[in-house]
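Visitor: In the working numbering, the protein residues as written are 25 to 252.
The beta-carbon is built from N, C-alpha and C at its ideal position, and this holds for glycine as well.
Okay, here's the structure, questions in a sec.
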């Protein structure tokens, strides 16, 4: 009984992160289903599916950032060292889904000129939100992966990233800084990589970010051209 008190006293977001990865992802299915079911009947199936993806991705981003902001280093260690066979699979599935959503938005934006004005505006908004949430979700997921690789060594920091100017152990926001710098500039800025596994992950991240950023620019130009 005494051990249950600290657990129940943890912030909600920290308790959610202790769930298996696939269970956390399933939280986003509820708003996705509601948005799909509540979409106007005049919308095409592709647009309804994309609206559902927007709901899933946005919910996942907000939930994950709520976890990251509320977590301390001790909590990150507990999560990183906990056995979760579905963590890597969930990471890969969501990355593939984000990439697929960017391909799907090409077809969505190609049909912007079709239909009445309000429908065109709705298509443009749904597509823009989808691109933004996919971009945020990719770099947020890499933030978690960097943190888990850093601390996954029997509860002690394994390292792999050297953050300058601070002797404090890095938290999620430090890893978010590294992840989004890689995602936006394809370089590591002032953070040094000292571990092979993190270096390989950063390589994947940089290559994926290049394609992602190129797609975002192309889709933005295409969407603006379709509206104009």
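1) Give the DSSP bridge partners of residue 185, in chain order.
2) Tell me which same chain residues have a C-beta within less than 6 Å of the C-beta of residue 219, skipping the five on either side of it?
3) Checking 8 Å against the spacing of the C-beta atoms, do residue 158 and residue 125 come in under that value?
4) Does DSSP classify residue 106 as helix, strand or coil?
5) Using CA atoms only, rank isn't needed, just tell me which of 173, 211 and 215 is closest to residue 106.
6) State buried or exposed for residue 234, treating a residue as buried only when at least 16 other CB atoms are found within 10 Å of its CB.
7) Measuring alpha carbon to alpha carbon, tell me which residue in 114, 145, 198 and 58 is nearest residue 162.
8) Are any of the Cβ atoms in chain B nearer than 8 Å to that of residue 79?
9) Can you tell me which of the three DSSP states residue 52 falls into?
10) Cα-Cα, which of 195, 152, 187 and 232 is closest to residue 104?
11) Counting Cβ pairs, one atom from each stretch, are 3 or more of them under 8 Å apart for the stretch 237–245 and the stretch 198–206?
12) Can you grab the Cα-Cα spacing for the pair residue 150 / residue 166, in whole Å?
13) Quick check on the DSSP output: the alpha helix (DSSP H) that includes residue 89 runs from which residue to which?
14) Could you spell out where the alpha helix (DSSP H) holding residue 200 opens and where it closes?
Guide: So, from the data block:
1) 217.
2) Within the same chain, 184 come within 6 Å of residue 219 by CB-CB distance, once the 5 residues on both sides are set aside.
3) In contact: residue 158 and residue 125 (Cβ atoms closer than 8 Å).
4) Coil.
5) With respect to the C-alpha of residue 106, the residue from 173, 211 and 215 having the closest C-alpha is 173.
6) Answer is exposed; the Cβ neighbour count stays below 16.
7) Closest in C-alpha terms to residue 162, from the list 114, 145, 198 and 58, comes 114.
8) Absent here is chain B; the protein component of the structure consists of one chain.
9) Coil at residue 52, not helix or strand.
10) The closest CA to that of residue 104, considering only 195, 152, 187 and 232, is found on 195.
11) By the Cβ rule, the stretch 237–245 does not count as touching the stretch 198–206, because fewer than three pairs are nearer than 8 Å.
12) Using only the alpha carbons, I get a separation of about 24 Å.
13) Counting along the chain, the alpha helix (DSSP H) containing residue 89 begins and ends at 69–94.
14) Annotation for residue 200: the continuous alpha helix (DSSP H) segment containing it runs 196–209.
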